[in-house]
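Enquirer:
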Amino acid sequence: YYKDKKGKITNYAPTEFVSEKDNKWLFDEKGELDKSLYKVILYREISNHIKAGSLNLKYSDKYKSIDEYLISSEKWNSSKSELIERANLKEFKFVKGFLTNFKNILSDQYLKTNQGIGDNTNLKIGKDGKPRITTPKLNDVDTNNGCIEVLGSDQYLPLINILSEIRHTTKIGDVFVHYSRKTFKNNLSDDVLYAAIIGLGCNIGIRKMGKISKGIGADKLEYAVRWYFSKENLDEANRRILALINSLSLPKIFSKDKLHTSSDGQKFNVSIPSLHARYSYKYFGFGKGVSAYSFIDDQSKLFYNTIISTSEREAGYVLDGLMHNDEIESNIHSTDTHGYSEIVFGICNSLGIFFAPRIKNHKNQLLYTFKSHPRKNYQQKGYQILPAKGMQIDETILDTQWDNVIRLLCTIKLKEVRASEILSRLSSYSKQHPLYKALKELGRIYKTIFLLRYYSETPLRQAIEKQLNKVELSHLFAKAVFFGNNQEFKVSTKEEQEIALSCRHLIQNSIILWNYLFISEKLSKIESKQEYDRIIDILKQSSVMTWQHINMHGEYDFEISNKESKFDLKSILEFQI
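Going by the numbering used here, the letters in the sequence shown line up with residues 207 to 783, in that order.
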């Protein structure tokens with residue numbers, strides 16, 4: 207009606223959507239419709255229905271129907287079996303088989319955890335019936351001296367030399383192509399490429415970098431960044447570096463049988479007006495800022511990054527990083543509490559990645575069970591760690607929504623849509639969407655299994671701590687690289703911030719690769735087995751994420767050409783204001 211009448215409201219405007227409470231205010235004593243109030247109520251109801259998901263915007267990015275984010279219904283109905291097989295999700299095809307299997311797995315884990323309480327010196331049950339755990343520290347990794355001793359403590363290599371070496375070994379210069387690929391086929395010159403990467407990655411700024419660099423100029427550098435630097439190009443450059451690290455033998459000493467990854471956000475102020483930045487007094491005082499969310503594996507490879515608003519939870523972006531890079535196939539992934547949610551538990555584990563977060567106040571987390579294995583059954587067996595009262599998995603919602611759950615998993619696994627986009631839409635509903643509820647129930651199964659293991663397995667807790675310490679070390683590394691402009695972003699858009707962040711990652715990954723190459727070459731020339739074993743032992747207790755031997759800040763030239771001051775001091779002193 208509103209569209210057909212081109213916004214003109216008459217007394218015959220439909221009022222079926224107006225509540226009884228509001229309806230009595232719509233008409234005056236003469237029966238005339240209050241057109242202004244009608245529009246207010248109409249707009250409010252439109253807003254409420256969009257949030258509830260009962261009204262969707264066809265051309266919106268954020269408020270489309272959830273069905274629009276998933277593999278199309280036509281494709282799903284015609285090729286379901288093929289899609290499930292491609293996504294390696296055949297074990298999830300039938301909900302009854304899945305639930306039967308996990309009822310047994312969950313019951314067995316309750317048994318295993320409770321049986322081990324007596325022999326587990328690091329697990330005690332408090333007076334409130336909640337578990338209390340202690341996690342012995344592993345041998346401290348000597349991040350300062352060990353690797354530096356092998357690399358050589360008396361050398362300070364210019365950052366430009368590192369980039370030059372890595373550019374020649376990985377051919378990363380080839381990925382920086384002009385946006386107009388058909389018209390411009392020439393790649394960037396090496397000096398411009400290095401200056402742009404350092405200007406952005408070290409946060410010096412492009413114009414300043416152009417002015418303090420001889421033979422380049424600010425305009426030339428700005429042109430290069432505008433037309434040759436994109437998130438896609440930088441991601442490909444980083445991928446090439448990671449591929450070369452993967453081909454080396456040395457990094458394998460830092461990994462066990464399974465690849466353990468982690469992610470965490472690092473807060474940065476934004477010192478200019480930005481729509482994407484948010485206030486957070488805890489991190490930025492009275493200013494605004496963003497969170498740079500980064501992923502790292504146990505070999506110190508930084509394999510994904512993105513900029514997110516500080517008002518958003520990091521959990522929504524965990525799956526983006528894990529699904530992004532084919533070079534890094536994580537088996538275990540850890541985050542802190544900000545990266546955890548029950549939905550991430552469900553999706554992550556279903557896609558074959560064991561999600562192992564460090565949850566604050568883990569003892570207050572609710573444990574769940576199935577209706578067929580009620581809490582009283584475990585109590586009768588004398589178990590001390592029990593499901594929470596009344597907390598049972600809702601099998602009905604899983605059964606009714608299972609087809610959509612598998613469809614969503616296939617959508618994410620086959621990279622049809624980013625997980626963060628789907629989860630953002632699901633969480634935006636004012637009333638929980640049935641699919642959202644089903645994913646939470648799925649996650650509660652995996653979360654309960656994880657917590658039971660977390661309480662009983664000390665090596666698991668130690669591995670989580672070790673990997674999260676690695677991502678914290680990468681934050682220190684990031685600060686050392688991103689030193690310019692008081693470590694504050696001087697660009698306003700998310701795209702510009704992500705390009706700067708990717709350049710920083712490129713510098714970090716280049717240094718890590720250079721360290722691997724230098725040490726590998728050194729080891730290949732050692733003839734003494736005793737010396738070889740000694741260095742390997744040093745490296746195992748150290749971290750290749752070492753940057754003390756890199757000169758990030760440039761060199762000083764003290765060969766000053768002018769021997770006398772250029773100022774006319776006499777005339778300056780005589781000058782009076």
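Glycine residues also receive a C-beta, built at the ideal position from the N, C-alpha and C atoms.
#1: Where does His755 sit, in a helix, a strand or coil, going by DSSP?
#2: State yes or no: is the C-beta of Tyr487 within less than 8 Å of the C-beta of Lys473?
#3: In the stretch 527 to 597, which residue ranges form an unbroken beta strand (DSSP E) of at least 3 residues, counting only runs that do not cross its ends?
#4: Using the Cα positions of Lys696 and Cys709, report the straight-line distance between them to the nearest angstrom.
#5: Among Glu297, Glu761, Ile756 and Leu775, which has the Cα closest to the Cα of Asp360?
#6: So, is His539 buried or exposed, given that buried needs 16 or more other C-beta atoms within 10 angstroms?
#7: Ser680 to Lys426, Cα distance in whole Å?
#8: Ignore the nearest five residues each way along the sequence and tell me which others in Gln607's own chain have a CB closer than 8 Å to its CB.
#9: Where does Phe300 land, buried or exposed, given buried means 16+ other C-beta within 10 angstroms?
#10: Taking the DSSP output, what are the residues bridged to Cys474?
#11: Is the beta carbon of Gln714 closer than 8 Å to that of Leu557?
#12: What are the start and end residues of the alpha helix (DSSP H) that includes Asp312?
#13: Report yes if the CB atom of Ile744 is closer than 8 Å to the CB atom of Gly352, and no otherwise.
#14: Can you say whether Val431 is buried or exposed, counting buried as having 16 or more other CB atoms within 10 angstroms of its CB?
#15: Go ahead and label Val496 buried or exposed: buried means 16 or more other beta carbons lie within 10 angstroms of its beta carbon, across all protein chains shown.
#16: Could you tell me which of Gly405, Val383 and Lys330 sits nearest to Ala443, measuring between CA atoms?
#17: Does DSSP classify Tyr265 as helix, strand or coil?
#18: Ordered along the chain, which non-local residues of its own chain (more than five positions away) have a Cβ less than 8 Å from that of Leu573?
#19: Check for me: the beta strand (DSSP E) holding Arg338 runs from which residue to which?
#20: Mapping the DSSP letters down to three states, classify Ser271 as helix, strand or coil.
#21: With C-beta atoms as the reference, is Arg631 less than 8 Å away from Tyr265?
#22: Excluding sequence positions up to five away, which residues of its chain have a Cβ less than 6 Å from the Cβ of Cys554?
#23: Among Ser271, Thr216 and Tyr738, whose alpha-carbon lies nearest the alpha-carbon of Lys245?
#24: Applying the 10 Å Cβ sphere with the 16-neighbour rule, what's the burial state of Gln703?
#25: Leu682 to Phe688, Cα distance in whole Å?
#26: Can you tell which of Arg581, Ser480 and Asn294 has its C-alpha closest to the C-alpha of Ile599?
#27: Give me, in chain order, the residues of the same chain whose beta-carbon lies closer than 6 Å to that of Ala424; leave out the 5 immediate sequence neighbours on both sides.
#28: Is the number of C-beta pairs between the stretch 514 to 527 and the stretch 434 to 453 that are closer than 8 Å three or more?
#29: Give the DSSP-derived three-state secondary structure of Lys330 in the structure shown.
#30: With a CB to CB cut of under 7 Å and the five nearest residues on each side skipped, what residues in its chain are close to Tyr546?
#31: Does Pro479 come out as helix, strand or coil in the three-state DSSP assignment?
#32: Taking the alpha-carbon of Glu438 as reference, which of Asn567, Tyr660, His568 and Asp380 has the nearest alpha-carbon?
#33: Sort Ile368, Glu533, Lys569 and Ile718 by Cα distance to Gly187 and report the nearest one.
#34: What number of angstroms, rounded off, separates the C-alpha of Lys672 from the C-alpha of Ala684?
#35: Since Val356 and Ile725 should fall inside the 8 Å C-beta cutoff, what is the C-beta to C-beta distance between them, to a whole number of angstroms?
#36: Could you name each continuous alpha helix (DSSP H) segment of 4 residues or more that falls completely within the stretch 636 to 669, going from the start of the chain to the end?
Expert: On the basis of the coordinates in this document:
#1: Residue numbering aside, residue 755 sits at position 549 when the sequence shown is read from its first letter. Residue state, collapsed to three classes: coil.
#2: Locating residue 487 in the sequence shown gives position 281, where the first residue counts as 1. Locating residue 473 in the sequence shown gives position 267, where the first residue counts as 1. It is not a contact, given that the beta carbons lie outside the stated cut-off.
#3: 538 to 540
#4: Within the sequence shown, numbered from 1, the residue matching residue 696 stands at position 490. Within the sequence shown, numbered from 1, the residue matching residue 709 stands at position 503. Approximately 15 Å between the Cα atoms of the pair.
#5: Taking the sequence shown and counting its residues from 1, the one referred to as residue 360 is at position 154. If we check each option's Cα against that of Asp360, Ile756 comes out closest.
#6: Your numbering for residue 539 matches position 333 in the sequence shown. So His539 counts as buried.
#7: Here residue 680 refers to the residue found at position 474 of the sequence shown. Here residue 426 refers to the residue found at position 220 of the sequence shown. C-alpha separation (whole angstroms): 32 Å.
#8: Counted from its first residue, the sequence shown places residue 607 at position 401. Taken in chain order, the residues that qualify are Pro640, Leu641, Lys643 and Ala644.
#9: If you number the sequence shown from 1, residue 300 lands on position 94. So Phe300 counts as exposed.
#10: Here residue 474 refers to the residue found at position 268 when the sequence shown is read from its first residue. Correcting the residue type first, residue 474 is Phe in the shown sequence and not Cys. Bridge partners of Phe474: Val496.
#11: Within the sequence shown, numbered from 1, the residue matching residue 557 stands at position 351. Within the sequence shown, numbered from 1, the residue matching residue 714 stands at position 508. Cβ distance not < 8 Å, so Leu557 and Gln714 don't count as in contact.
#12: In the sequence shown, counting from the first residue as 1, residue 312 sits at position 106. According to the sequence shown, residue 312 is Leu rather than Asp. Val301 to Gln321 is the extent of the alpha helix (DSSP H) around Leu312.
#13: For the purposes of this step, residue 744 is taken as the residue at position 538 of the sequence shown. For the purposes of this step, residue 352 is taken as the residue at position 146 of the sequence shown. Cβ atoms of Ile744 and Gly352: closer than 8 Å.
#14: For the purposes of this step, residue 431 is identified with residue 225 of the sequence shown, where counting begins at 1. Buried, by the Cβ-count rule.
#15: Within the sequence shown, residue 496 is the residue found at index 290, counting from 1. Per the 10 Å Cβ criterion, buried.
#16: To locate residue 443, count along the sequence shown from 1; it is residue 237. If we check each option's Cα against that of Ala443, Val383 comes out closest.
#17: Stepping through the sequence shown from its first residue, residue 265 is reached at position 59. Of the three classes helix, strand and coil, the one that applies to Tyr265 here is coil, per DSSP.
#18: In the sequence shown, residue 573 corresponds to position 367, counting from 1. Here the set comprises Ile591, Leu592, Pro593, Ala594, Met597, Thr654, Leu657 and Leu658.
#19: The count along the sequence shown starts at 1 and reaches residue 338 at position 132. Pro337 to Ile339 is the span of the beta strand (DSSP E), which, as asked, contains Arg338.
#20: Translated into positions along the sequence shown, residue 271 becomes position 65. It is coil, neither helix nor strand.
#21: Position 425 of the sequence shown, counting from 1, holds the residue named residue 631. Position 59 of the sequence shown, counting from 1, holds the residue named residue 265. Not closer than 8 Å, so no.
#22: The sequence position of residue 554 within the sequence shown is 348, counting from 1. Taken in chain order, the residues that qualify are Phe561.
#23: In the sequence shown, the residue the question calls residue 245 occupies position 39. Residue Thr216 is the option with its Cα nearest to Lys245.
#24: Taking the first residue of the sequence shown as 1, we reach residue 703 at position 497. Looking at its Cβ environment, which holds 16 or more other Cβ atoms inside 10 Å, Gln703 is buried.
#25: As a working note, residue 682 is residue 476 in the sequence shown. As a working note, residue 688 is residue 482 in the sequence shown. In a straight line, the C-alpha of Leu682 is about 10 Å away from that of Phe688.
#26: Taking the first residue of the sequence shown as 1, we reach residue 599 at position 393. Considering only alpha carbons, the answer is Arg581.
#27: Position 218 of the sequence shown, counting from 1, holds the residue named residue 424. So the list reads Arg413, Gly416 and Lys417, once near-sequence residues are dropped.
#28: no
#29: Reading the sequence shown from its first residue, position 124 is the one you call residue 330. Looking at Lys330 - three-state DSSP - the assignment turns out to be strand.
#30: As a first step, residue 546 is located in the sequence shown; it is residue number 340 there, counting from the start. Closer than 7 Å at the Cβ level, and outside the excluded window around Tyr546, lie Ala521, Pro563 and Ile565.
#31: Counting from one through the sequence shown, the residue named residue 479 turns up at place 273. In this structure, Pro479 counts as coil in the three-state DSSP scheme.
#32: Within the sequence shown, numbered from 1, the residue matching residue 438 stands at position 232. Closest option to Glu438, Cα to Cα, is Asp380.
#33: Examination of residue 187 is not possible in this model, given that the chain is present from 207 through 783 alone.
#34: On the sequence shown, residue 672 is found 466 positions in, with the first residue counted as 1. On the sequence shown, residue 684 is found 478 positions in, with the first residue counted as 1. Answer to the nearest angstrom: the Cα atoms are 19 Å apart.
#35: Taking the sequence shown and counting its residues from 1, the one referred to as residue 356 is at position 150. Taking the sequence shown and counting its residues from 1, the one referred to as residue 725 is at position 519. Right, the Cβ-Cβ distance comes to about 6 Å (below 8 Å), so this counts as a contact.
#36: 640 to 662
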